[in-house]
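If you read the protein sequences in the order shown, they are chains A and B. Per my numbering, residue 44 is the first one in the first sequence, and the count goes up by one each step. Per my numbering, residue 28 is the first one in the second sequence, and the count goes up by one each step. Glycine residues also receive a C-beta, built at the ideal position from the N, C-alpha and C atoms.
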Amino acid sequence: MSQAALLFWLFAIATCGGALAVVISQNVVRMAFWLIVSLGSMSGLFFLLHADFVATTQLLVYVGGTVVLLIFGVMLTASGPYVQIKTSPAEGFLGAAVGVMLLVMLISTVTRVDWSRATRVSASVSGREFRAGPIHGFNKPQEGNTSRSIGMALLGARPDTDLGSDDGRMGTGYLLPFEIVSVHLLVVLIGAAYLARAKRRAGSASEG
Amino acid sequence: MIMPAIFAASTLGGYFSDVHGLSPAWSMGLAAVIHVIFMISLFGVIPLFFIWLERKVSARIQDRLGPTRVGGRFGWLQGLADGIKLIQKEDLVPDAADSMLFRLAPYLVCIASFTAFMVLPFADGWVAVGADIGLFVILAILSLEVFGIILAGYSSGSKWSLFGGVREAAQMVSYEIPLAICAIIPVIAVGSLNLGELSRVQSGWFYSNWLLFHDPFTFIGFFVYFTVATAGCKRAPFDLAEAESELVGGFHTEYSGMRWSFFFMGEYASMFLVSVLASILFLGGWNTGIGPLDDALVAGRASSAGAGGFVAASYLANVIGMVVILVKGSLLVFLQIWVRWTFPRLRIDQVMTTCLKYLVPMSCFLFLGALMWPVLLIQFTGRSTLFESSQSIGEKLRSSPGILSGDGVSDVDRSSDGDGESDGDRVFEAGLNDGAERRQSSTDVSSDADENRSVV
Numbered sequence: 044m045s046q047a048a049l050l051f052w053l054f055a056i057a058t059c060g061g062a063l064a065v066v067i068s069q070n071v072v073r074m075a076f077w078l079i080v081s082l083g084s085m086s087g088l089f090f091l092l093h094a095d096f097v098a099t100t101q102l103l104v105y106v107g108g109t110v111v112l113l114i115f116g117v118m119l120t121a122s123g124p125y126v127q128i129k130t131s132p133a134e135g136f137l138g139a140a141v142g143v144m145l146l147v148m149l150i151s152t153v154t155r156v157d158w159s160r161a162t163r164v165s166a167s168v169s170g171r172e173f174r175a176g177p178i179h180g181f182n183k184p185q186e187g188n189t190s191r192s193i194g195m196a197l198l199g200a201r202p203d204t205d206l207g208s209d210d211g212r213m214g215t216g217y218l219l220p221f222e223i224v225s226v227h228l229l230v231v232l233i234g235a236a237y238l239a240r241a242k243r244r245a246g247s248a249s250e251g
Numbered sequence: 028m029i030m031p032a033i034f035a036a037s038t039l040g041g042y043f044s045d046v047h048g049l050s051p052a053w054s055m056g057l058a059a060v061i062h063v064i065f066m067i068s069l070f071g072v073i074p075l076f077f078i079w080l081e082r083k084v085s086a087r088i089q090d091r092l093g094p095t096r097v098g099g100r101f102g103w104l105q106g107l108a109d110g111i112k113l114i115q116k117e118d119l120v121p122d123a124a125d126s127m128l129f130r131l132a133p134y135l136v137c138i139a140s141f142t143a144f145m146v147l148p149f150a151d152g153w154v155a156v157g158a159d160i161g162l163f164v165i166l167a168i169l170s171l172e173v174f175g176i177i178l179a180g181y182s183s184g185s186k187w188s189l190f191g192g193v194r195e196a197a198q199m200v201s202y203e204i205p206l207a208i209c210a211i212i213p214v215i216a217v218g219s220l221n222l223g224e225l226s227r228v229q230s231g232w233f234y235s236n237w238l239l240f241h242d243p244f245t246f247i248g249f250f251v252y253f254t255v256a257t258a259g260c261k262r263a264p265f266d267l268a269e270a271e272s273e274l275v276g277g278f279h280t281e282y283s284g285m286r287w288s289f290f291f292m293g294e295y296a297s298m299f300l301v302s303v304l305a306s307i308l309f310l311g312g313w314n315t316g317i318g319p320l321d322d323a324l325v326a327g328r329a330s331s332a333g334a335g336g337f338v339a340a341s342y343l344a345n346v347i348g349m350v351v352i353l354v355k356g357s358l359l360v361f362l363q364i365w366v367r368w369t370f371p372r373l374r375i376d377q378v379m380t381t382c383l384k385y386l387v388p389m390s391c392f393l394f395l396g397a398l399m400w401p402v403l404l405i406q407f408t409g410r411s412t413l414f415e416s417s418q419s420i421g422e423k424l425r426s427s428p429g430i431l432s433g434d435g436v437s438d439v440d441r442s443s444d445g446d447g448e449s450d451g452d453r454v455f456e457a458g459l460n461d462g463a464e465r466r467q468s469s470t471d472v473s474s475d476a477d478e479n480r481s482v483v
């Protein structure tokens, strides 16, 4: 078993095991901890795919942001110490059935796709020829150090199709939708903070 | 002879696969194990040294002597004695505690601060994982430290711990924002997240090359970064989580023995980490800051690139670089210790006010200023750097061996050719601080692209 395969099995078992533990565990904060394990191992899987930028973003956003928020929510809204969530056997059976059906559907979909053709098809849709060779200054896909390629793709110049071509034409970048989503998130944040503000009760003493 | 041969290969993995003929997977695995052993030793020794330093410095500030008995007149081995004492203490878990999380929490703190050392360079090429996004990795991993604190506070089953944990979580999470923004400010000046690259461009005289003096925004940014990093490491004056006078012990009240010491190993290691990061980002990294000396060292390092065989100059230059960076990091840690024992502690509302009302707007303003600086400089002076003598950073990036110049060591000055191959270069150089004429050509390219996009 090669080193990469060994690491893959390690991370995959940690991801799936963590996810199972989230569902099975009954203490809410322990669920959050297993979620950390699961999402962190998923970031490890991204590192194995040489997508280092995405893996680091996964750590920063999901593990360092979303799960922290979850734990804060649990800690600040708990009705008592060590809140338990107990699932009845019927709920457990139903959940397991739905999960298994979803797994079967996903596996059958994934195995039917011809992945070798996929990259070439997407390139031909944009009307460009797919370049498999190395481009000066950028790493090939699957070689790590993807931040430069991601940056250029945000601006519209995909290293595999646009750069190094003869006419110098660039596609539409992803930067505008990215900024729009960021502003959207900001609006959501401000709205949530406004809705959750401490409301002054009418007739109470003024605050010092 | 093993010693010369080990420096013949450019990487440790290369040594194992070229000199000993192991398969690539095995050699990489062995190299990883050796790196891990180095890092663990570093992670063990650093807290020992800095705890001793803290006790001595705090003692002198308080007009007393500190440890003077163990290991000689200055108490060198006091840390070791403390470690032995802590190891043999009773390992207890409170009755009301969630035992699994209680046991796990110290390890989470240690893992977070220890893993970040993996991308920290100590000299040119002396880094465990030379990631192109090294700074981003450090910021992401530092944001994981909060979990250990939260889980420690929550799972201890004691109200002091819960208060300490919640306060600490709020503080650390809030201070991540100005930390990230201030860490990006020197990145704007250089154009690379690679920590090795950030250090390489700062070679030369310190007043013209260190990013601290690159523009006024990085200058102020250094002080803001240092304040925020101190707060993020929960050091005084931001140390309410461990405020002995208020919360008994904060989140580590119920911890004793080795578990307690894991928290502090993590804390001192992250203090050292952010200090070395500050010296890489702002204070010149492994460069000494003296012009001729730096040029000699850079020449020494370059002399062995691409050649087999043991070259003493490169190794020696790197040792000097490592000593320089360790000294700079230690000086900044000394500064943190000094600040701790000089200023009174801030209240939690003052801590949050400082972050959200003062430091976040300040760092946003500095970020904007750092972005506008090249534009303003070109407009008003026609130059791209503050001092006439220094090379602009874009030039230095292109002539230094690294990913931007494409293929290893090359002193060839790459001007934009006519062929399509350098399209990536030309569009990329639009972002680099390269001088007026190059900006002209790059604006032509980007305006062409705009026209095309509007048609499409």
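So, under 8 Å CB-CB, residue i and residue j are touching, yes? Tell me the CB distance rounded to an integer number of Å.
i      : j      : result
B:A132 : B:A167 : The pair is not a contact, with the Cβ atoms about 20 Å apart (cut-off 8 Å).
B:A58  : B:F43  : 6 Å
B:F249 : B:G311 : Not really, about 12 Å apart at Cβ, beyond 8 Å.
A:I79  : A:V110 : 5 Å
B:F144 : B:L69  : 7 Å
B:V84  : B:I364 : 5 Å
B:S185 : B:T280 : 6 Å
B:W187 : B:G284 : About 18 Å; that fails the 8 Å criterion.
B:I160 : B:L220 : 5 Å
Using a threshold of 8 Å, state whether the C-beta atoms of residue i and residue j are closer than that.
i      : j      : result
B:I215 : B:A196 : no
B:S390 : B:C209 : yes
B:V251 : B:P205 : yes
B:W313 : B:M349 : yes
A:G107 : B:S170 : yes
A:F96  : A:S190 : yes
A:F54  : A:L91  : yes
B:R372 : B:A258 : no
B:P74  : B:Y342 : no
B:V156 : B:V146 : yes
B:D109 : B:R227 : no
A:A98  : A:S86  : yes
B:P484 : B:Q105 : As displayed, chain B neither begins before 28 nor continues past 483, which places residue 484 of chain B out of reach and without an answer.
B:A305 : B:L359 : yes
B:W237 : B:G293 : no
B:V303 : B:I347 : no
B:A256 : B:V325 : no
If I follow the unbroken alpha helix (DSSP H) through residue i, where does it start and stop?
i      : result
B:S170 : Where B:S170 is concerned, there is no enclosing alpha helix (DSSP H), given that its DSSP letter is neither H nor E.
A:M144 : 132-155
B:S297 : 285-308
A:H227 : 218-238
B:Y202 : 186-217
B:Q105 : 105-114
A:N188 : Here A:N188 belongs to no alpha helix (DSSP H), and DSSP marks it neither H nor E.
B:T408 : 387-408
B:C382 : Run containing B:C382: none; DSSP gives neither H nor E here.
B:L324 : 318-329
B:Q363 : 339-367
A:M118 : 110-120
B:Y234 : 233-236
Have a look at the DSSP bridge pairing and note the partners of residue i.
i      : result
B:A258 : For B:A258, which the question treats as bridged, DSSP gives no partner whatsoever.
B:W79  : Bridge partners of B:W79: none, in fact.
A:N70  : A:Q127
B:A150 : B:W153
### Query
Looking at chain B, which residues of the region 93-115 of chain A have a Cβ within less than 8 Å of any of its Cβ atoms?
For the region 93-115 of chain A, the set of positions with a beta-carbon nearer than 8 Å to some beta-carbon of chain B reads D95, F96, T99, T100, L102, L103, V106, G107, G108, V110, V111, I114, F115 in chain order.
### Task
May I ask you to list, following chain order, the residues of the region 113-131 of chain B that have a beta carbon less than 9 Å from some beta carbon of chain A?
Along the region 113-131 of chain B, going in chain order, the ones with a CB nearer than 9 Å to a CB of chain A are A123, D125, M127, L128, L131.
### Message
Beta carbons nearer than 9 Å to chain B: which residues of the region 68-93 of chain A have them?
### Response
Those would be N70, V72, R73, A75, F76, I79, G83, S86, in chain order.
### Query
According to a CB-to-CB cut-off of less than 8 Å, which residues of the region 159-183 of chain B neighbour chain A?
Along the region 159-183 of chain B, the positions whose C-beta sits under 8 Å from a C-beta of chain A are D159, I160, F163, V164, L166, A167, I168, S170, L171, V173, F174, I177, L178, Y181, S182, read in chain order.
### Message
By the 9 Å beta-carbon criterion, what residues does the region 53-71 of chain B contribute toward chain A?
### Response
Those residues of the region 53-71 of chain B that come within reach of chain A (Cβ to Cβ, closer than 9 Å) are W53, M55, G56.
### Query
If contact means a Cβ-Cβ distance below 8 Å, which residues of the region 115-135 of chain A contact chain B?
Of all residues in the region 115-135 of chain A, only F115, M118, L119, P124, Y125 come within less than 8 Å of chain B when Cβ atoms are compared, listed by chain position.
### Task
Give the residues from the region 224-243 of chain A that approach chain B closer than 9 Å (Cβ to any Cβ), ordered along the chain.
Nothing from the region 224-243 of chain A brings a Cβ to less than 9 Å from some Cβ of chain B.
### Message
Taking beta-carbon pairs under 8 Å, can you tell me which members of the region 210-244 of chain B lie near chain A?
### Response
Identification of residues in the region 210-244 of chain B having a C-beta nearer than 8 Å to some C-beta of chain A yields L220, given in sequence order.
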